[in-house]
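Numbering-wise, our numbering puts 481 at position 79 of the sequence shown, and it's gapless, one number per residue.
What follows is a single structure, written as structure tokens, with notes after it.
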Amino acid sequence: MCLALGLMVAWAAIPVAAQTVSPQGTCIEATLLAKANAGDAAAQVLVGDSYAAGKSVAQDYVQAAAWYRKAAEKGDAGGQIHLAALYRDGGKHFPRDMVQAAAWYRKAAEQGDAGAQGILGVLYSMGQGVPHDDVEAYYWLDLAASVPGPNQEKYAANRQMIGTHITADELEAVKDRVAQWKAAHPR
Numbered sequence: 403m404c405l406a407l408g409l410m411v412a413w414a415a416i417p418v419a420a421q422t423v424s425p426q427g428t429c430i431e432a433t434l435l436a437k438a439n440a441g442d443a444a445a446q447v448l449v450g451d452s453y454a455a456g457k458s459v460a461q462d463y464v465q466a467a468a469w470y471r472k473a474a475e476k477g478d479a480g481g482q483i484h485l486a487a488l489y490r491d492g493g494k495h496f497p498r499d500m501v502q503a504a505a506w507y508r509k510a511a512e513q514g515d516a517g518a519q520g521i522l523g524v525l526y527s528m529g530q531g532v533p534h535d536d537v538e539a540y541y542w543l544d545l546a547a548s549v550p551g552p553n554q555e556k557y558a559a560n561r562q563m564i565g566t567h568i569t570a571d572e573l574e575a576v577k578d579r580v581a582q583w584k585a586a587h588p589r
């Protein structure tokens with residue numbers, strides 16, 4: 403029997419390929435793992451979270467990334483953001499890669515995720531994983547700042563700071579881009 407996430411599971415009933423056991427003998431709950439293996443993106447992110455946090459299994463960033471990638475490649479913004487954060491921060495046996503982080507944040511940002519937009523704006527402002535580009539930074543921060551949420555003021559403040567580094571013509575052009583994006587992506 404496997405005690406997994408508070409549930410008792412008949413271990414012998416789970417095919418060996420579906421058993422995910424850490425050296426400590428704990429495992430990911432069979433129903434969650436079955437959903438993830440069947441392609442459910444939300445379940446894949448949760449399995450990735452278990453590996454990233456070392457919750458119910460040994461911490462393993464490589465396995466976390468593999469599960470996040472499954473969801474991310476389906477276009478799931480949550481998977482994209484989790485994978486981006488893993489690349490941004492790196493971890494034990496998982497190298498930091500700012501180019502990959504920026505690429506995955508961009509995919510989530512293009513879907514309208516304000517958090518990914520804000521982070522992508524900061525990456526452009528610092529030239530991390532992408533070329534330093536204050537116009538791009540302003541663009542992504544402006545989109546992020548237009549969404550109500552706990553970080554809205556921070557995105558607006560960052561946008562204003564970046565705005566001091568771009569010309570009036572660049573500002574006008576980026577505002578046109580933002581208006582076009584918002585018209586094509588109503589929230």
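The beta carbon of each residue, even a glycine, is placed where N, CA and C say it ideally should be.
Pick out whichever of the options has its Cα sitting closest to the Cα of residue i.
| i | options | result |
| --- | --- | --- |
| Ala443 | Ala473, Asp571, Tyr526 | Ala473 |
| Met500 | His534, Ala468, Arg579, Leu543 | His534 |
| Ala516 | Ala479, Tyr463, Ala455 | Ala479 |
| Trp469 | Ser548, Tyr453, Ser527 | Tyr453 |
| Ser527 | Ala504, Gly514, Lys509 | Ala504 |
| Ala603 | Gly450, Trp583, Ala575 | Past the edges of the chain, shown from 403 to 589, lies residue 603, and the structure says nothing about it. |
| Tyr507 | Ile521, Arg498, Pro497 | Ile521 |
| Asn553 | Gln446, Val532, Ala518 | Ala518 |
According to DSSP, residue i sits in a beta bridge with which residue or residues?
| i | result |
| --- | --- |
| Gly481 | According to DSSP, which records beta bridges pairwise, Gly481 is partnered with nothing at all. |
| Gly493 | Phe496 |
Applying the 10 Å Cβ sphere with the 16-neighbour rule, what's the burial state of residue i?
| i | result |
| --- | --- |
| Leu409 | Because Leu409 sits at a pLDDT of 29, beneath the cut-off of 50, its placement in the model cannot be relied upon, and the following sentence gives the value as read from the coordinates. So Leu409 counts as exposed. |
| Gly477 | exposed |
| Val459 | buried |
| Gly529 | exposed |
| Val464 | exposed |
| Gln426 | Residue confidence is low: Gln426 scores 44 on pLDDT, short of 50, so the model does not pin down where it sits. Its coordinate-derived value is still stated next. Exposed. |
| Ala440 | exposed |
| Gly551 | exposed |
Which residues bound the alpha helix (DSSP H) around residue i?
| i | result |
| --- | --- |
| Lys457 | Where Lys457 is concerned, there is no enclosing alpha helix (DSSP H), given that its DSSP letter is neither H nor E. |
| Gln465 | 463-475 |
| Asn439 | 432-439 |
| Ile568 | Neither: Ile568 is in no alpha helix (DSSP H) and is coded neither H nor E. |
- Using 8 Å as the Cβ pair cut-off and three pairs as the minimum, do the segment 559-568 and the segment 538-546 touch? yes
- Okay, do the segment 561-578 and the segment 484-500 touch, 3+ Cβ pairs below 8 Å being the bar? no
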